[in-house]
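Colleague: Below you will find the structure I want to go over with you.
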Amino acid sequence: MGIRFITTISRNENIAMWQLFNQQIPDTFVGTRYGIFETGATCAADVFNPQSETTAFVGIEFPKEQPILRDMERKTICGGKYARFIHKGIVKDLMQTYHYIWGVWFPKSGYELDNRDDFECYTERFAGENIESSEIDIYFPIK
Numbered sequence: 226m227g228i229r230f231i232t233t234i235s236r237n238e239n240i241a242m243w244q245l246f247n248q249q250i251p252d253t254f255v256g257t258r259y260g261i262f263e264t265g266a267t268c269a270a271d272v273f274n275p276q277s278e279t280t281a282f283v284g285i286e287f288p289k290e291q292p293i294l295r296d297m298e299r300k301t302i303c304g305g306k307y308a309r310f311i312h313k314g315i316v317k318d319l320m321q322t323y324h325y326i327w328g329v330w331f332p333k334s335g336y337e338l339d340n341r342d343d344f345e346c347y348t349e350r351f352a353g354e355n356i357e358s359s360e361i362d363i364y365f366p367i368k
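In terms of our numbering, the sequence shown opens at residue 226 and continues consecutively.
Here it is in structure tokens:
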């Protein structure tokens, strides 16, 4: 359950959308949180740049059988093979991890980006956006 919005790398609105989402859900909602970057033609590996526009979704894992909150949407992450990366450090430095993934790992890996959403997973290892020991799992769909 979460909220969907349009963003770009240069206009990165993820932090603001997380703040908005967190204000809308009760403190009693605990669970893994996800930042999902939905597949789109302008965010493919061969056209990826700071102005690449994508639809994003921020939310929390939520049981299917429970009704969602007003103004929220449901999102399902597709199964398949994913490459997993761990970003350790403050959120402000997250772009360095993405530069490594796109600029170093993908070109040398022998894998191709698959046509599914990539996402960030915020588990109990995420201690806060300005905590050096925080960890974020990043998943890219591969084939």
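Think of the CB as a built atom: it goes at the ideal place given N, C-alpha and C, for glycine as much as any other residue. Everything numeric in this text was worked out from a predicted model, so none of it was measured.
Near Y336, which residues of its chain fall below 8 angstroms by C-beta distance, leaving aside the five closest residues on each side in sequence?
Modeller: Counted from its first residue, the sequence shown places residue 336 at position 111. Cβ within range, chain order: A308, I367 and K368.
Colleague: Please return the same chain residues whose Cβ sits closer than 6 angstroms to the Cβ of Q321, not counting the five positions on each side in sequence.
Modeller: Translated into positions along the sequence shown, residue 321 becomes position 96. Cβ within range, chain order: n/a, list empty.
Colleague: Is it buried or exposed, H324, if we count other Cβ atoms within 10 angstroms and call 16 or more buried?
Modeller: Taking the first residue of the sequence shown as position 1, residue 324 is located at position 99. H324 should be labelled exposed.
Colleague: When you compare only the Cα positions, how much space is there between S358 and L294?
Modeller: On the sequence shown, residue 358 is found 133 positions in, with the first residue counted as 1. On the sequence shown, residue 294 is found 69 positions in, with the first residue counted as 1. Rounded to whole angstroms, S358 to L294 spans 32 angstroms at the Cα level.
Colleague: Would M242 pass as an interface residue toward chain B - the criterion being a Cβ-Cβ separation below 7 angstroms?
Modeller: The chain labelled as chain B is not found in the depicted structure, where only one protein chain is given.
Colleague: In this structure, what does DSSP give as the bridge partners for F246?
Modeller: Position 21 of the sequence shown holds residue 246. Beta-bridge pairing links F246 to no other residue.
Colleague: Closest by CA to V329, which one among K306, E298, I361 and F310?
Modeller: Along the sequence shown, one-based indexing puts residue 329 at 104. When only C-alpha atoms are compared, the closest one is F310.
Colleague: Kindly indicate which residue of D252, G284 and Q291 has the alpha-carbon position closest to the one of I261.
Modeller: By 1-based counting over the sequence shown, the position of residue 261 is 36. When each option's Cα is compared against that of I261, the closest is G284.
Colleague: I need the straight-line Cα distance from E298 to G227, nearest angstrom please.
Modeller: What you label residue 298 is simply residue 73 of the sequence shown in a count that begins at 1. What you label residue 227 is simply residue 2 of the sequence shown in a count that begins at 1. Distance between the alpha carbons of E298 and G227 is about 5 angstroms.
Colleague: Going by C-alpha distance, which of D318, S334, D342 and K300 is nearest I240?
Modeller: On the sequence shown, position 15 is the one that residue 240 refers to. Minimum Cα distance to I240 is reached at D318.
Colleague: Looking at the strands, I want to know which residues DSSP matches up with H324.
Modeller: Indexing the sequence shown from 1 puts residue 324 at position 99. DSSP lists no partner for H324.
Colleague: What would DSSP say about A241, mapped onto helix, strand or coil?
Modeller: What you label residue 241 is simply residue 16 of the sequence shown in a count that begins at 1. Looking at A241 - three-state DSSP - the assignment turns out to be helix.
Colleague: F351 by DSSP, collapsed to three states: which one?
Modeller: Residue 351 sits at position 126 when you count from the first residue of the sequence shown. Coil.
Colleague: If E286 and T257 are in contact, beta carbons under 8 angstroms, what's the gap, nearest whole angstrom?
Modeller: Residue numbering aside, residue 286 sits at position 61 when the sequence shown is read from its first letter. Residue numbering aside, residue 257 sits at position 32 when the sequence shown is read from its first letter. Right, the Cβ-Cβ distance comes to about 5 angstroms (below 8 angstroms), so this counts as a contact.
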